[in-house]
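Residue numbers for the sequence shown follow our numbering, beginning at 415 and rising by one. Here a beta-carbon is modelled for each residue, glycine too, at the ideal position from N, C-alpha and C. Quick notes on the structure that follows.
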Amino acid sequence: MNVADWKAHVQQVVRDHQIHTVRVCLHDNSNVPRSRYVPIRHFMEMIGEESISFPSALFSLDTSARLVVEAGDGYAAGYPSWMLKPDLSTFGILPYVPGTARVIADLFAADEPVKTAPRQVLRGVLQEFEREGYRIMGAFEYEFYVFTRTEDGLKPVWQGLQCFSEIKQSQVTDILNSVMFALNDMGAGPEVANTEYGSGQFEISNSPFWGLEIADMAFYYRTSIKEILQQKGYTATFMSKPVTDSNGSGAHVHHSLFDEAGNNLFYDPAKPDGLSDLCRWFIGGQLQHAAALCALSNPTINSYKRLKPYSFAPTTPSWGYDHRCAMIRVPQSRGKQTRLENRLPGADTNPYLTLAGILAAGLDGIRNRVEPAEPLGNKDPYQGEMTLPSSLPDALLALKADPLFESMLGQEFFHHYLTLRRAEWERFMQHTTDWEVNEYLELF
């Protein structure tokens with residue numbers, strides 16, 4: 415649809431739901447969702463005519479909101495304003511906030527897209543796929559924890575390890591139903607919800623979407639779930655490892671490759687396993703670039719506390735048929751449903767950058783016909799000779815050493831991202847943790 419058609423659609427939604435405020439939002443490179451609240455009258459007047467200002471300094475903030483001068487042009491450039499241009503195809507109501515809608519915006523400096531913006535980085539990779547005649551369908555599958563706040567600290571909303579337990583789930587029906595109903599009303603397409611393998615842990619999977627929508631919906635999922643449960647007095651977190659002795663939370667990425675006629679290019683009925691050459695090469699590319707991909711899909715210091723042996727999280731660049739300990743699992747479905755599941759990302763991942771990285775690696779595998787190693791079968795993946803990075807600094811070194819991602823994601827983004835993540839690690843290394851105090855205070 416053109417701008418006029420989208421404006422008419424938005425006007426209809428505004429009338430039907432009595433919208434008075436629009437949140438214009440985006441993701442930054444520290445994986446922080448940011449937004450500006452705009453009265454509906456001004457929002458409607460500006461469609462197709464003007465944009466909303468956005469301080470460029472916000473893109474130089476790390477996760478603590480500390481300004482990292484090296485991530486950007488610094489004080490010499492004066493941190494000018496950038497502009498938010500709403501993508502009206504993402505406009506939708508927030509059923510849990512009456513009278514409010516949300517729209518995702520693209521970021522511009524003058525008339526040029528900001529090259530470091532995660533959504534623009536993903537769009538650039540998707541354009542490479544379009545030039546090859548490929549379309550991507552997929553979805554993020556999130557795990558997360560929910561707590562109540564007490565005088566003694568955070569308490570999980572349910573206790574035990576009985577994932578899928580009917581008894582345990584009946585105790586948290588209000589959480590499961592409120593999230594499912596709201597996401598469904600938003601058009602986000604939730605499929606199943608259940609408790610997971612950790613006290614207070616949940617999983618909600620959603621329907622697949624095409625291209626940019628895959629990451630947009632992941633953005634909506636995570637931010638909406640946190641808001642919905644906050645309204646009910648709970649604290650939801652998508653940290654990869656919020657509890658030391660409990661299961662980590664992943665954001666598994668399911669993805670399929672299609673041609674313009676709608677044929678699933680990962681499926682080949684003539685092959686013994688039903689997987690096409692393109693599918694194998696797509697796997698091969700992801701495995702070949704796994705160490706560098708780790709830095710994009712696991713962007714925080716905490717991320718790497720999830721990637722431990724015998725935890726249903728990957729520690730080696732491996733793949734297997736329906737193997738939940740491999741980095742890439744190939745579900746049993748074939749035909750139109752043939753897909754891959756990359757289990758590397760943690761729940762704290764930036765969906766735009768993770769998807770961009772997975773697709774860039776997969777496309778490189780196709781272009782260079784990269785054959786993966788043999789699938790795992792009954793082999794223990796945690797005994798593999800090649801291991802994934804076990805810390806953020808190791809992952810960043812691997813990312814810097816892999817030329818693929820700088821060329822595919824852009825030199826400006828590459829420098830910006832590495833600078834922010836290194837600054838976060840340096841700040842962490844200057845901090846004395848509770849563990850250090852408990853371990854050494856009385857001993858020395």
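In or out: ILE581 buried (at least 16 other Cβ within 10 Å) or exposed? Exposed is the call here.
Could you tell me how far apart the beta carbons of VAL424 and LEU502 are, in whole angstroms, since I believe they sit closer than 8 Å? Indeed they touch by this definition, with Cβ atoms about 6 Å apart.
Give me the Cβ distance between PRO745 and ARG757, rounded to the nearest whole Å; I'm assuming they're in contact under 8 Å. Not confirmed; about 11 Å, so no contact.
Let me make sure I understand the geometry here. Which of TYR831, TRP839 and GLU853 has the alpha-carbon closest to that of SER474? Closest option to SER474, judged by alpha-carbon separation, among TYR831, TRP839 and GLU853: TYR831.
In the DSSP assignment, find the beta strand (DSSP E) that holds PRO453 and state where it starts and stops. According to the DSSP assignment, PRO453 belongs to the beta strand (DSSP E) that extends over 447 to 453.
Nearest by alpha-carbon distance to TYR510: which of ILE518, LEU643, ALA471 and VAL482 is it? Nearest Cα to TYR510 within the set ILE518, LEU643, ALA471 and VAL482: LEU643.
Residue-chain proximity (GLY552, chain C), Cβ-Cβ < 8 Å: No chain C appears in this structure, which consists of one protein chain only.
Cβ separation of PRO786 and GLY676, assumed to be a contact under 8 Å, to the nearest whole Å: Not really, about 26 Å apart at Cβ, beyond 8 Å.
Member of ARG480, THR658, ASN712 and ASP736 whose CA lies at the smallest distance from the CA of ASP687: Checking every option, the nearest Cα to that of ASP687 belongs to ASP736.
Could you compute how far the alpha carbon of LEU818 sits from the alpha carbon of TYR611? Using only the alpha carbons, I get a separation of about 36 Å.
For ALA629 and LEU834, which I take to be in contact (beta-carbon distance under 8 Å), what is that distance rounded to the nearest angstrom? That belief does not hold up - the Cβ atoms of ALA629 and LEU834 are roughly 19 Å apart, past 8 Å.
Would you mind stating whether THR813 and ALA706 have Cβ atoms separated by less than 8 Å? As written in the sequence, residue 813 is Leu, which differs from the Thr given in the question. Contact flag set, yes.
On the CB-based measure, 16 or more other CB atoms within 10 Å of its CB, does GLN541 come out buried or exposed? Counting C-beta atoms within 10 angstroms of its own C-beta, GLN541 has fewer than 16 neighbours from the protein chains shown and is therefore classed as exposed.
Rounded C-beta distance between GLY824 and HIS669? I'm assuming under 8 Å. That belief does not hold up - the Cβ atoms of GLY824 and HIS669 are roughly 22 Å apart, past 8 Å.
Ends of the beta strand (DSSP E) at THR477? No beta strand (DSSP E) holds THR477; DSSP gives it neither H nor E.
Going by DSSP, which residues form a beta bridge with TRP733? ILE742, per the DSSP bridge assignment.
Can you tell me where the alpha helix (DSSP H) holding ASP419 begins and where it ends? In the DSSP assignment, ASP419 falls within the alpha helix (DSSP H) that extends over 417 to 431.
DSSP beta-bridge partners of ASN678: DSSP output for ASN678 lists PHE672 as bridge partner(s).
With which residues is TYR493 paired in a DSSP beta bridge? The partner list for TYR493 (beta bridge, DSSP) is empty, contrary to what the question assumes.
Measure from the alpha carbon of THR514 to the alpha carbon of each residue in ARG549, SER495, SER804 and ARG429, then state which is nearest. Nearest option by C-alpha distance: ARG429.
Apart from the five residues just before and just after CYS577, which ones in its own chain have a Cβ nearer than 6 Å to its Cβ? Correct list, in chain order: THR609, GLU610 and TYR611.
Taking the alpha-carbon positions, what's the GLU477 to TRP839 distance? Checking the displayed sequence, the identity of residue 477 turns out to be Thr instead of Glu. In this structure, the straight-line span from the alpha carbon of THR477 to that of TRP839 is close to 11 Å.
Let me know if SER821 comes out buried or exposed under the rule of 16 or more other beta-carbons within 10 Å of its beta-carbon. Residue environment for SER821: exposed (fewer than 16 other C-beta atoms within 10 angstroms of its C-beta).
Separation of GLU557 from SER592, as counted between CA atoms: In this structure, the CA atom of SER592 is about 16 Å from the CA atom of GLU557.
CB contact flag (ILE780, PHE696, <8 Å): Judged by beta-carbon spacing, PHE696 lies within the 8 Å limit of ILE780, meaning their Cβ atoms are closer than that value.
Between which two residues does the alpha helix (DSSP H) carrying ASN591 extend? Here the alpha helix (DSSP H) through ASN591 covers 587 to 599.
Tell me the rounded alpha-carbon separation between LEU802 and PHE623. The straight-line gap from Cα to Cα measures roughly 29 Å.
With 16 as the cutoff for other CB atoms within 10 Å, does THR564 come out buried or exposed? By the 10 Å Cβ count, THR564 comes out exposed.
Range covered by the beta strand (DSSP E) that runs through CYS439: Its beta strand (DSSP E) spans residues 435 to 441.
Under a three-way DSSP split, which group does TRP572 fall into? Here TRP572 sits in coil by DSSP.
Backbone secondary structure at TYR854 - three-state DSSP: Under the three-state reduction of DSSP output, TYR854 falls in the helix class.
Looking at the unbroken beta strand (DSSP E) that takes in PRO604, where does it start and where does it end? Annotation for PRO604: the continuous beta strand (DSSP E) segment containing it runs 604 to 609.
Under 8 Å between C-beta atoms of ALA519 and PRO500: Taking a C-beta distance under 8 Å as the contact criterion, ALA519 and PRO500 qualify as a contact pair.
Does DSSP put GLN825 in a helix, a strand or coil? Reduced to three states, the DSSP call for GLN825 is helix.
Can you tell which of LEU508, LEU773, THR714 and LYS421 has the C-alpha that lies nearest to the C-alpha of LEU692? Cα-wise, what sits closest to LEU692 is LEU773.
Closest by C-alpha distance to ALA531, when choosing among GLU674, GLU799, LEU767 and LEU790: Ranked by how close their Cα comes to the Cα of ALA531, the residues GLU674, GLU799, LEU767 and LEU790 have LEU767 in first place.
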